[in-house]
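2 protein chains.
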Amino acid sequence: MNVLIVEDDALHRTFLAEAVRAALPECGQVIEAENGLKGEVQARTARVEHVVMDLQMSERNGIEAARTIWRERPDTKILFWSNYSDEAYVRGVARIVPEGATYGYVLKSASEERLKLALRSVFVESQCVIDREVRGIQQKSFGNSPGLTDAEYEILVDVALGLTDKAIAKRKHLSLRSVQNRLQQLYEKLDVYETPGQGNEGLFNLRTRAVAVALSRKVLNASAIERAERDLRQSAGI
Amino acid sequence: MNVLIVEDDALHRTFLAEAVRAALPECGQVIEAENGLKGEVQARTARVEHVVMDLQMSERNGIEAARTIWRERPDTKILFWSNYSDEAYVRGVARIVPEGATYGYVLKSASEERLKLALRSVFVESQCVIDREVRGIQQKSFGNSPGLTDAEYEILVDVALGLTDKAIAKRKHLSLRSVQNRLQQLYEKLDVYETPGQGNEGLFNLRTRAVAVALSRKVLNASAIERAERDLRQSAGI
DNA sequence: GCTTGTCATGCGGGGACCCGCAGATTTTGC
DNA sequence: GCAAAATCTGCGGGTCCCCGCATGACAAGC
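For the record, the sequence lines run as chains A and B. For what it's worth, the working numbering labels the leading residue of the first sequence as -13, then goes sequentially. For what it's worth, the working numbering labels the leading residue of the second sequence as -13, then goes sequentially.
Put into structure tokens, the structure is as follows:
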């Protein structure tokens, strides 16, 4: 059993390597890659089935790397190990995990014990392990509390990209008016209408304000926008 | 000579503590804080004059913490130690360093040697040390290449907050038309007008598009927006 | 069956935004 | 000190966005 570690921080990388060797004494080689691109190559050439993956790397982030790895071998077991539990990351991961694949999501702030346990659970027992805190985000995200619908989320991403209502309508095969309706739902859920009172009526441009609020609530983050941007170029530019 | 380390990642914290002790054998206590807020308190109570500060922390980020520390003791020497050299961070630091204060900016990807050297230079020799890569950003930022003027940058921030043209005009004591002029300069510098050709005319909403481009070019980042948001609330809400 | 709820769509108006033109004011360079 | 360049400001029009009102389709529940 070989394990691939994809992580751009040198300190974290060696820490992970030690943790892997300690938690899985029966494992063979421990391979390291320092960014998503190299990680993809290593996974392909070394035919690895077990990956520990950081999100948030330059060159190619963890979500994109995981997507291509899973596309080539959907039975690969991936343990995501991230600094943050941003809704954008959680959503991004959930969006790419293939049917029936086993994966895990552990925060870097978790104890070493929890990390080792997750390593064994995911890689040996083929069990999905989601950190408690991430779990909370996930439920909020897919449940009905102040989280967004998938439809609303997609509109939000398109707006954040800077697309026009009309352009979104074309992309999503909707009428102009439907797009605007979804936008209004979005505005309400994001509390864009807050007016501290004294005549601050025309204070906000709702459209850009929505993006700002989404960013500071971590519903969106820069890497999610970059991913969407690439998708856009690909589908539009061909 | 006591040294305060403000850093939220446990691994990096212990690594830093060791590096400090190795580079400055003559130093006294090495105090650690795990976020910006605790860092401020420690700096105040322990009367520290030498700080190693991470940017990008939850609770209160490094720039805000540094600002309050410097406000209380402008002669504090601060070495910033960050993962990224985003233009937004560089600008944020440059914006708060007091007249004549000594500070440094080293990337986490730098070698241990470089870190130790910077520690001695800043804390003992009172010399400013800016990482080569960061230096590049700084020049681009203040020079005249595709970097933004301060005026343009401020407009950009206000737009990213979701403010109306009118609201920005009031805040900045300008006429509506001047704000729109600056916006146009901004649009040109950010290459918002790119149209791949085939009839993509009304594709982008320039205003939100500008924010998207600025984010993916790292001219802006989420924490800069959050800071601006707090400033806004403070100046408007009173 | 009828009601109720959710969603997509159309219409129309008021307002915000983008931008060319042109004059006034300030800054810069020599 | 003067000319050139940059910046601020007003006007006007074309476009896009926000949103209330109204219609029809489809599903769930009494």
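We treat Cβ as the ideally placed atom computed from N, Cα and C, and that holds for glycine.
Query                                                                                                               : Result
6 Å CB neighbourhood of D144 of chain A in its chain, flanking five on each side removed                            : I154
First through last residue of the alpha helix (DSSP H) which encompasses K94 of chain A                             : Element bounds for K94 of chain A: n/a, residue is neither H nor E.
Three-state class that DSSP yields for E35 of chain B in the structure shown                                        : coil
Range covered by the alpha helix (DSSP H) that runs through F190 of chain B                                         : Counting along the chain, F190 of chain B falls outside any alpha helix (DSSP H), and DSSP gives it neither H nor E.
Chain A within 8 Å of E73 of chain B, Cβ atoms only                                                                 : no
Residue-chain proximity (R195 of chain A, chain B), Cβ-Cβ < 8 Å                                                     : yes
Residues that E18 of chain A bridges to, as DSSP identifies them                                                    : A:I(-9)
Opposing strand residues paired with L149 of chain A [DSSP bridges]                                                 : B:F190
Cβ contact check for the segment 26 to 34 of chain A and the segment 71 to 83 of chain A: 3 or more pairs under 8 Å : no
CB contact below 8 Å: I211 of chain A versus chain B                                                                : yes
According to DSSP, residues forming a beta bridge with V143 of chain B                                              : BP columns for V143 of chain B are empty, so no partner.
Cβ distance (whole Å) where V27 of chain B is taken to contact V(-8) of chain B below 8 Å                           : Not a contact, Cβ separation roughly 11 Å.
Contact list for G14 of chain B against chain A, beta-carbon separation under 8 Å                                   : Going along chain A, no residue has its Cβ under 8 Å from G14 of chain B, so there is no contact; the nearest lies around 25 Å.
Reduced DSSP secondary structure (H/G/I, E/B, other) of V110 of chain B                                             : coil
Minimum Cβ-Cβ distance from G25 of chain A to chain B less than 8 Å                                                 : no
Extent of the continuous alpha helix (DSSP H) to which S164 of chain B belongs                                      : 162 to 175
Distance between L189 of chain B and I123 of chain B (C-alpha atoms, nearest Å)                                     : 31 Å
Where the segment 142 to 169 of chain A meets chain B: residues whose CB sits under 7 Å from a CB there             : V145, A146, L147, G148, L149, T150, K152, A153
Inter-residue spacing [alpha-carbon to alpha-carbon] between N207 of chain A and E12 of chain B                     : 43 Å
Supposed close pair A146 of chain B, R168 of chain B - CB separation, criterion 8 Å                                 : Not quite, the Cβ-Cβ distance comes to about 14 Å (not below 8 Å), so this is no contact.
Exposed unless 16 or more other CB atoms sit within 10 angstroms - verdict on Y179 of chain B                       : exposed
Any chain B beta carbon closer than 8 Å to K102 of chain A                                                          : no
Boundaries of the alpha helix (DSSP H) in which L2 of chain A is found, first to last residue                       : -4 to 9
Three-state class that DSSP yields for V115 of chain B in the structure shown                                       : strand
Sub-8 Å separation of R142 of chain A and L134 of chain A beta-carbons                                              : Inspection of the sequence shows that residue 142 of chain A is occupied by Leu rather than by Arg. Going by C-beta atoms, L142 of chain A is nearer than 8 Å to L134 of chain A.
Where A196 of chain B sits in the DSSP three-state scheme                                                           : helix
From B:K175, B:R57, B:R106, B:A19, residue whose alpha carbon lies closest to that of A8 of chain B                 : B:R106
Closest residue to V110 of chain B among B:I64, B:R77, B:Y139 (Cα-Cα distance)                                      : B:I64
heavy atom of the ligand FMN below 7 Å from A196 of chain B C-beta                                                  : In terms of ligand content, the structure shown is empty, and the ligand FMN therefore cannot be addressed.
Residue-chain proximity (F66 of chain A, chain B), Cβ-Cβ < 8 Å                                                      : no
CB contact check: L93 of chain B to chain A, cutoff 8 Å                                                             : no
Sub-8 Å separation of S209 of chain B and N47 of chain B beta-carbons                                               : yes
DSSP three-state assignment for L101 of chain A, whether helix, strand or coil                                      : helix
Buried or exposed by the 16-neighbour rule on C-beta atoms within 10 Å, applied to L162 of chain B                  : exposed
Proximity test, Cβ basis, 8 Å: E236 of chain A and chain B                                                          : Residue 236 of chain A falls outside the range modelled here, since chain A spans only -13 to 224, and no answer is possible.
Reduced DSSP secondary structure (H/G/I, E/B, other) of D40 of chain A                                              : strand
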